[in-house]
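Here is the structure we will look at, set down as structure tokens.
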Amino acid sequence: MCTNPYLDARQRMVREQIRARGITSERVLAVMEQVPRERFVPERDRPDAFCDRALSIACGQTISQPFMVAAMTDCLGLEGHHRVLEIGTGSGYQTAILARLACEVYTIERIGELQNSARALLASLGITNVSYRTGDGSLGWPEQAPFDRIIVTAGAPEVPPSLTAQLTDSGRLVIPVGGRDEQILTIVERTGPHTREVPRFACRFVKLIGREAWREGGETESGGQADQRL
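Per numbering that gives the first Met the number 0, residue 0 is the first one in the sequence shown, and the count goes up by one each step.
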């Protein structure tokens with residue numbers, strides 16, 4: 000007998016929202032099924048945790064829709080030895096997915112309240128391979144660079160140069176790039192001093208706030224979570 004009332008919902012989420020839309024990585028699919036997404040939303044919203052949309056969390060932020068989390072993770076092409084930098088801890092859900100797939104995760108959140116709650120939740124789930132920083136994610140974490148993979152869960156007007164500089168040779172960055180209301184999910188691949196940008200699909204994220212992104216007032220300055228796919 001199933002003792003977890005949310006397990007069936009997670010399995011259906013993976014089957015109908017993620018696998019059915021073309022995500023085929025068995026590692027990604029397995030982790031999306033295992034991580035308890037319901038723990039990362041307010042208790043009142045747990046029945047909706049597996050819906051095909053973003054949900055509100057604290058501090059005016061959101062937890063990305065399941066497909067977006069899976070798609071961005073798939074774009075990273077994670078391997079078990081990778082060191083990953085995440086910009087925008089948010090609820091900690093994407094962090095938990097990354098931590099199950101990579102060796103080390105370094106995560107930066109602009110809002111201290113979100114960072115603290117995510118850290119406590121991840122610790123309660125037994126996740127110990129994550130390091131935390133509160134600050135401007137658009138500048139990355141140079142003291143811990145280089146990183147094999149970088150993921151940005153907020154939209155930027157352009158790719159922050161500091162993040163590209165912190166990639167390893169053959170490293171990969173996944174980031175939404177575009178205007179305030181619509182972006183293109185973009186993969187940045189680095190080979191030596193050269194980079195190549197590969198656009199994937201249209202999306203909509205909250206703004207990346209930081210020195211190399213949007214300014215606090217909305218002009219062209221880290222943190223946040225994905226809003227929703229268009």
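Every residue, glycine too, gets a C-beta built ideally from N, C-alpha and C.
In the DSSP assignment, Gly111 falls within the unbroken alpha helix (DSSP H) covering Gly111 to Ser123. In this structure Thr127 is exposed. Its beta-carbon is surrounded by fewer than 16 other beta-carbon atoms within 10 angstroms. Of Met31, Asp7 and Leu6, the smallest CA-CA separation from Arg18 is found for Met31. Take Leu120, set aside five residues on each side of it, and the residues of its chain with a beta-carbon closer than 6 angstroms to its own are Gly91, in chain order. Listed as beta-bridge partners of Val151 by DSSP are Ile86. By the criterion of a C-beta distance shorter than 7 angstroms, Val129 is surrounded in its chain by Thr94, Ala98, Val104, Thr106 and Leu121, once the five residues flanking it on both sides are discounted. The bridge partners DSSP lists for Ser63 come to none. In the assembly as shown, Arg118 is a buried residue. Its beta-carbon has 16 or more other beta-carbons within 10 Å. The segment 164 to 180 makes contact with the segment 75 to 84, as at least three CB pairs between them are under 8 angstroms.
Arg45 is positioned such that its CB atom lies no closer than 9 angstroms to that of Arg9.
Within the same chain, Pro175, Arg199, Phe200 and Cys202 come within 6 angstroms of Leu184 by CB-CB distance, once the 5 residues on both sides are set aside. In the three-state reduction of the DSSP assignment, Arg179 falls in the coil class.
Under the three-state reduction of DSSP output, Tyr5 falls in the coil class, being neither helix nor strand. Of all alpha-carbon atoms in Glu157, Arg195 and Ile186, the one lying nearest the alpha-carbon of Gly76 is that of Ile186. Between Ile62 and Val40, the gap from beta carbon to beta carbon is short of 9 angstroms. Residue range Glu103 to Glu108 is occupied by the beta strand (DSSP E) that includes Ile107, with no alpha helix (DSSP H) assigned at that position. Rounded to whole angstroms, the separation of the alpha carbons of Arg43 and Glu78 is 35 angstroms.
In this chain, Glu157 is not harboured by any alpha helix (DSSP H), its DSSP state being neither H nor E.
Contact annotation, Glu211 with Leu138: C-beta distance approximately 6 angstroms; criterion of less than 8 angstroms satisfied.
Under the three-state reduction of DSSP output, Glu78 falls in the coil class, being neither helix nor strand. In the displayed model, Phe200 falls within a strand according to three-state DSSP.
Residues Phe66 of the same chain have their beta carbon placed closer than 7 angstroms to that of Arg20, with the five preceding and five following residues left out of the count.
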